[in-house]
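> One structure follows; several queries about it will come next.
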Amino acid sequence: MLFSLRMRMRLRMRMRMRAWEREGPGGLSALRDRLPDRRVVHHAHAAFLPGGARESATRPDSWSVDVWEFETDLYTDQVVRWSTGRRVGGVIDVRASGTVEGAVTAAFAAACAQAVDRAKDPGKFGDGEER
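Just so we're aligned, residue 79 is where the sequence shown starts under our numbering, counting upward by one.
In structure tokens form, the structure reads like this:
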């Protein structure tokens, strides 16, 4: 009796799988034909107060994470990208990320230098006091 119950359950499972393959979202084409790509992405972040002093942060300046290619907010195939942005109150955020640690470190240093300059002279970068 137990054997027959197991066989019925397996048969039901196979029928459901076949139905999914025919009618499911994307069917078999929804499955990957290869393993997703996985990389280490390096990040760096800092903030500078008006006047150029570095804000003390509770998180580390830089860190690295393993990410899958479908993690679109973290995954990148760029060697490096960086940005500086002014928050309300004049604090300048600095961010750098990429797949090559040395490039991220160099870009982060350049971004920090730009952030100090931007914090000391907001008008030079188009940052008005109205923000």
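Note that CB positions come from ideal geometry on N, CA and C, so glycine has one too.
Quick one: is S161 buried, meaning 16 or more other Cβ sit within 10 Å of its Cβ, or exposed?
Start at 1 with the first residue of the sequence shown, and residue 161 comes out as number 83. Result: exposed.
> Does R209 pass the burial test, meaning 16 or more other C-beta atoms within 10 Å, or should it be called exposed?
On the sequence shown, residue 209 is found 131 positions in, with the first residue counted as 1. Reliability of the predicted coordinates at R209 is poor, the pLDDT of 42 falling under 50, and the value obtained from them is presented with this limitation in mind. Exposed is the call here.
> Is the stretch 142–153 touching the stretch 184–199, taking contact as three or more C-beta pairs under 8 Å?
no
> How many Å lie between A197 and S134 at the Cα?
Position 119 of the sequence shown, counted from the start, is the residue given in the question as residue 197. Position 56 of the sequence shown, counted from the start, is the residue given in the question as residue 134. Answer to the nearest angstrom: the Cα atoms are 15 Å apart.
> Could you name the residues of the same chain whose beta carbon sits closer than 6 Å to that of D115, not counting the 5 residues immediately before and after it, in chain order?
One-based indexing of the sequence shown puts residue 115 at position 37. Same-chain partners within the cutoff: E147.
> Closest to V118 by CA distance: which of K202, G176 and V194 is it?
Here residue 118 is taken as the residue at index 40 of the sequence shown, counted from 1. Closest by alpha carbon: G176.
> Among all the DSSP beta bridges, which residues are the ones paired with S134?
Counted from its first residue, the sequence shown places residue 134 at position 56. By DSSP's assignment, S134 forms no beta bridge with any residue.
> Grouping DSSP H, G and I as helix and E and B as strand, with all else coil, what is V169?
For this step, residue 169 is matched to residue 91 along the sequence shown. Coil, per DSSP.
> Using 8 Å for Cβ pairs, my map puts A193 next to F126. What's the rounded Cβ distance?
As a first step, residue 193 must be located in the sequence shown, where it is residue number 115. As a first step, residue 126 must be located in the sequence shown, where it is residue number 48. Beta-carbon to beta-carbon, A193 and F126 are separated by about 5 Å, close enough to satisfy the 8 Å threshold.
> If we call anything under 7 Å between Cβ atoms a contact, is V157 one with V178?
In the sequence shown, the residue the question calls residue 157 occupies position 79. In the sequence shown, the residue the question calls residue 178 occupies position 100. In this structure, V178 lies closer than 7 Å to V157 by Cβ.
> Does the distance from the C-beta atom of G163 to that of D171 stay below 7 Å?
Within the sequence shown, residue 163 is the residue found at index 85, counting from 1. Within the sequence shown, residue 171 is the residue found at index 93, counting from 1. A contact, by the Cβ cut-off of 7 Å.
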